[in-house]
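Peer 1: Pasting a structure here, questions to come.
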Amino acid sequence: MDPAHPFGPGTLPYGSFTAPGSPDPRVGVAIGDLVLDLTAAARALLPADAALFAAGTLDGLLAAGPAAWARVRARITEWLTDERHRPAIEPLLVPAEFTAPRLPFTVADYTDFYASEEHATNLGRMFRPDDAPLTPNWKHLPVGYHGRAGTVVVSGTPVVRPSGQRRASNGEIVFGPSTRLDFEAEVGFVVGAPSTPGRPVPLTEADRHVFGVCLVNDWSARDVQAFEYVPLGPFLGKSFATSVSPWVVPLAALRHARVAPPPRVPRPLPYLDDAGAEPWGLDLELTVTLNGHPISRPPFAGMYWTAAQQLAHLTVNGAPLRTGDLFASGTVSGPRREQRGSLIELTWNGAEPLVLPDGSERAFLLDGDEVAISGTAPGPDGGRIRLGEVRGRVGSTPG
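Residue numbers for the sequence shown follow my numbering, beginning at 1 and rising by one.
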């Protein structure tokens, strides 16, 4: 267990998996190229908390709250770094290559935000060339929409090309498979402890509710979305699939990644004003590959709205948080072309196709294309920790 490994003792991400010969799901913790069977380990070495992992998902641990999160992480760290525990722990380590990932937690609600100023500006310039790129509300509140929890899937799940109504080039309204299928590179935040209905969650309490982060690909059918989204926003063009990474990295592993967010003008209203508060910006670096070839490296540190502000806005009307709520950042894009987190930006709505190393071009995704999004963050002693990967391959529309 090399301390310098990207999934070393400083990371310890949680997930759910099955292993050969055992169809029942288990809670696992990644360490190097191995997975600790936490369901079994807790039963033997942490009996007071064993019930948190008995179902094979993170649901029990998420609901238990910050004190339990800290206690369990401390014990796991001890098991994996103290030689006294080697005889008990080694039999519970499974090679990661022999495990099959499962959706790590039961998704309660799913919310997608729109927090990158660069992404929002790029899309505004494409679709509203004669108007200001950002809508009048964008710098006053974190814009978002509620998605489908039931179509959140774990990395590796095939993504079927969706169908819907769209406007053809001749103006005719047609129905059929999307011809402008896209990815969106995002960071997701997983809610653990619920909140009280009617009581907003202030910025200062975000740490009490957010358990950790995962990587997200919020697949998008741009042609379906373009025809349907006025006046109520995304619907079928977004709801068919959202892929998440199998490993949830706890916030405790990201303490070295905290950075100040960019300046906000105008100054947000008091419930969103984080001036002087603990910084919730995160210095994460994403990499997007298409069929194995890197095409983008979006930086997360410049996101205009932070997860704490998104949570505060999500609950300011009294809506409660539930264990297993997932909220995503929205597409992560930077100021340079090679930092754009979606094909619609990288190809400027198809007008400037990407040329891949094999000579083929992509304006949008073709059947058989595989998109992978990985990420890293600053770790202890100047190193970097790995956030894992979310991967998905596009399949054709049935029939």
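Backbone N, C-alpha and C define an ideal beta-carbon position, used for all residues, glycine too.
#1: Report yes if the CB atom of T57 is closer than 9 Å to the CB atom of F98, and no otherwise.
#2: Between G382, S155, G341 and A226, which has its C-alpha nearest S169's C-alpha?
#3: Using a threshold of 9 Å, state whether the C-beta atoms of D218 and E186 are closer than that.
#4: Beta-carbon within less than 7 Å of G334's beta-carbon, same chain only, minus the 5 sequence neighbours each way: which residues are those?
#5: Flag this pair as yes or no: are the beta carbons of A108 and T323 separated by less than 9 Å?
#6: Can you tell me the Cα-Cα spacing of P3 and T397, whole angstroms?
#7: Is DSSP giving D37 helix, strand or coil here?
#8: According to the neighbour-count rule (16 or more other Cβ atoms, all chains shown, within 10 Å of its Cβ), is F183 buried or exposed?
#9: Buried or exposed for G60, going by 16 or more other Cβ atoms inside 10 Å?
#10: Roughly how many angstroms separate the alpha carbons of A328 and S116, rounded to a whole number?
#11: DSSP state of D369, grouped into three classes?
#12: Use the C-beta contact count for P101: other C-beta atoms within 10 angstroms, 16 or more gives buried, fewer gives exposed.
#13: Can you give me the C-alpha to C-alpha distance between A44 and A88, rounded to a whole angstrom?
#14: For R362 and L290, which I take to be in contact (beta-carbon distance under 8 Å), what is that distance rounded to the nearest angstrom?
#15: Check whether the Cβ atoms of G8 and G28 lie closer than 9 Å to each other.
#16: Specify the secondary structure class of L286 as computed by DSSP and reduced to three states.
#17: What separation, rounded to the nearest whole angstrom, lies between the Cα atoms of H256 and P279?
#18: For the stretch 106-133, list the beta strand (DSSP E) runs that are entirely contained and at least 3 residues long, ordered along the chain.
#19: What is the C-beta distance between Y304 and P262, in whole angstroms, given that I count them as a contact (C-beta under 8 Å)?
#20: Residue range of the alpha helix (DSSP H) that Q165 falls in?
#21: Would you please state the rounded distance, in angstroms, between the beta carbons of V201 and H209? I believe it to be under 8 Å.
#22: Figure out for me which residue from P136, A68, G171 and L62 has the closest Cα to the Cα of A193.
#23: How many whole angstroms separate the CB atoms of G341 and F364, which I take to be in contact at a CB cut-off of 8 Å?
#24: Would you kindly report the start and end of the unbroken alpha helix (DSSP H) that includes G392?
Peer 2: Considering the structure as presented:
#1: Here residue 57 refers to the residue found at position 57 of the sequence shown. Here residue 98 refers to the residue found at position 98 of the sequence shown. No. Outside cutoff.
#2: In the sequence shown, counting from the first residue as 1, residue 169 sits at position 169. The residue with the shortest Cα to Cα distance from S169 is A226.
#3: For the purposes of this step, residue 218 is taken as residue 218 along the sequence shown, with counting starting at 1. For the purposes of this step, residue 186 is taken as residue 186 along the sequence shown, with counting starting at 1. Their beta carbons are under 9 Å apart, which means D218 touches E186 by this criterion.
#4: As a working note, residue 334 is residue 334 in the sequence shown. So the list reads E118, P298, P299 and G302, once near-sequence residues are dropped.
#5: The residue you call residue 108 lines up with position 108 of the sequence shown. The residue you call residue 323 lines up with position 323 of the sequence shown. A contact, by the Cβ cut-off of 9 Å.
#6: As a first step, residue 3 must be located in the sequence shown, where it is residue number 3. As a first step, residue 397 must be located in the sequence shown, where it is residue number 397. Low local confidence applies: a pLDDT of 49 at P3 is under 50, so the model's placement there is unreliable, with the coordinate-based value given in what follows. Distance between the alpha carbons of P3 and T397 is about 45 Å.
#7: Counting from 1 along the sequence shown, the entry for residue 37 is found at position 37. Note: D37 maps to strand in three-state DSSP.
#8: Here residue 183 corresponds to residue number 183 of the sequence shown, with the count starting at 1. It counts as buried.
#9: Start at 1 with the first residue of the sequence shown, and residue 60 comes out as number 60. Buried, by the Cβ-count rule.
#10: Against the sequence shown, residue 328 aligns to sequence position 328. Against the sequence shown, residue 116 aligns to sequence position 116. Answer to the nearest angstrom: the Cα atoms are 12 Å apart.
#11: For the purposes of this step, residue 369 is identified with residue 369 of the sequence shown, where counting begins at 1. Reduced to three states, the DSSP call for D369 is coil.
#12: In the sequence shown, the residue the question calls residue 101 occupies position 101. Flag for P101 reads buried.
#13: To locate residue 44, count along the sequence shown from 1; it is residue 44. To locate residue 88, count along the sequence shown from 1; it is residue 88. Approximately 9 Å, taken between the alpha carbons.
#14: The sequence position of residue 362 within the sequence shown is 362, counting from 1. The sequence position of residue 290 within the sequence shown is 290, counting from 1. Right, their Cβ atoms sit about 7 Å apart.
#15: Start at 1 with the first residue of the sequence shown, and residue 8 comes out as number 8. Start at 1 with the first residue of the sequence shown, and residue 28 comes out as number 28. No.
#16: Sequence index remark: in the sequence shown, residue 286 carries index 286 (1-based). If DSSP states are grouped into helix, strand and coil, L286 belongs with the strands.
#17: In the sequence shown, counting from the first residue as 1, residue 256 sits at position 256. In the sequence shown, counting from the first residue as 1, residue 279 sits at position 279. Roughly 11 Å between the two C-alpha positions.
#18: 110-113
#19: Position 304 of the sequence shown, counting from 1, holds the residue named residue 304. Position 262 of the sequence shown, counting from 1, holds the residue named residue 262. Their Cβ separation, rounded to whole angstroms, is 6 Å, which keeps Y304 and P262 in contact under 8 Å.
#20: What you label residue 165 is simply residue 165 of the sequence shown in a count that begins at 1. No alpha helix (DSSP H) contains Q165, which is instead part of the beta strand (DSSP E) from S163 to R167.
#21: Here residue 201 refers to the residue found at position 201 when the sequence shown is read from its first residue. Here residue 209 refers to the residue found at position 209 when the sequence shown is read from its first residue. Indeed they touch by this definition, with Cβ atoms about 6 Å apart.
#22: Locating residue 193 in the sequence shown gives position 193, where the first residue counts as 1. Cα-wise, what sits closest to A193 is L62.
#23: What you label residue 341 is simply residue 341 of the sequence shown in a count that begins at 1. What you label residue 364 is simply residue 364 of the sequence shown in a count that begins at 1. With 8 Å as the limit, G341 and F364 do not qualify as a contact, their Cβ atoms being about 15 Å apart.
#24: The residue given as residue 392 occupies position 392 in the sequence shown. Taken as a continuous stretch (DSSP letters only), G392 belongs to no alpha helix (DSSP H), being part of the beta strand (DSSP E) at R384 to G395.
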